Amino acid sequence: MIENASKREGFTSMKQGDLLKKLRKERNLSQKSLSQGLSSRSTLSSFENRNTHLSSELLFNYLDRLNITPNEFRLLLNEGDSTKKQKYSAEYHYRHYEQTLTSEFLELLQTEYKQTNDVFYLLLYLQGYLENARQAGDFDSDLFKKHAKMAQDYLFRIETWGNFEFSFFINLLFIFDESILQHHIESILNKITVHSDDYLYSNIISIALLNGCHYAAIKRNKSLLQEFLQKIIDLPDSIHYFYLKSHQAFYQMIYTYLLTKEIDMDKMNKQLEVFKQIGYQTHGERLRLIIDKLITPN
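Right under this line is the structure:
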């Protein structure tokens, strides 16, 4: 799959002007109608017919009037085909879930990084190495500490996180010491929830906050758990956060247990039964394991 990925990167299947013209005509809009209030008609005509350059702002305004998102436009340009980065990402995640992140594949990522100087490949390599080290229980080697610091430094340096940084943080939560996470928690949570009103981010926000709650619960860190739990409470009560908020009562009971060392198991069992009723029985069983670990003395 990866060998053929380098044949195409970016917008290569169709020229942007050709695609915009196609989309405009399908929506029965004239050049005058599409460009009105945005640009001269000749600017649009030149773009459609001669593929002259446009500013991203103007292109996005055209797309907005056509009710097409920039991401949809990109997918249409590629005719649904994936870019090289997308193919590497898909290959990585397949290998991650199949537990086949081999040294050969990680070396391939390093080679791509050296050839392109694109940090995307370096970060995928770091994630793969650290994941493998976790599976092997190797948390004390100098190389693990070096790679963990590189990953942490990258995340703390980036002020505005995109989906890539969200995923990177979620998958590598285990490399953070509690003290480091506690020090940066306010900044991290602000980055996670800055797009909370955009439903397109709801899934990754939900995963990030649930992973954070799980991390804090396993670490028995009531302060961190309170921070993650409060963000869940503060999020809007919309259908997009239904799955996330269905965990709120569970982690609230965990938080209470960390404070008081008391837990109402009848109430907890009823809460876990909810996951079974909505089709998440296996997940409910995993949550029960958290309870088992918590009530077992250290």
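591 is the number that my numbering gives to position 172 of the sequence shown; each next residue is one higher, with no gaps.
Glycine included, every Cβ here is placed at the ideal spot set by N, Cα and C.
What you are looking at is a predicted structure, and each value in this text was computed from that prediction instead of being measured.
Q) Looking only at its own chain, which residues have a Cβ that is under 7 Å from the Cβ of G429, when we skip the five neighbours before and after it? A) The pLDDT assigned to G429 is 41, lower than 50, so where the model puts this residue is not dependable, and the model offers no usable value.
Q: Please state whether DSSP places K680 in a helix, a strand or coil.
A: coil
Q. Going along the chain, which unbroken runs of the alpha helix (DSSP H) with 4 or more residues stay wholly within the stretch 436-478?
A. 450-454, 460-469
**Q.** Cα-Cα separation, F694 to I604
**A.** 29 Å
Q | Burial state of Y481 (16 or more Cβ within 10 Å) | A | buried
Q | Nearest neighbour of A627, chosen from F583, Q450, K641 [CA to CA] | A | For A627, the nearest C-alpha among the options comes from F583.
Q: Going by CA-CA distance only, name the one from M569, F575, L677 that's closest to L608.
A: F575
Q) Applying the criterion that 16 or more other CB atoms from any shown protein chain within 10 Å of the CB defines a buried residue, is Q690 buried or exposed? A) buried
Q. How would you label R705, buried or exposed, when you count the other beta carbons within 10 angstroms and need 16 or more for buried?
A. With fewer than 16 Cβ atoms within 10 Å of its Cβ, R705 is classed as exposed.
Q. Who are the near neighbours of D561 in its chain, counting only those whose CB is closer than 7 Å to its CB and skipping five residues on each side?
A. none
(Q) Please report the distance separating the alpha-carbon of Y699 from that of D537. (A) 39 Å
Q. Given that a residue counts as buried once 16 or more other Cβ atoms are within 10 Å of its Cβ, and exposed if not, what is G631?
A. buried
Q. By how many angstroms is the C-alpha of Y507 removed from the C-alpha of E531?
A. 10 Å
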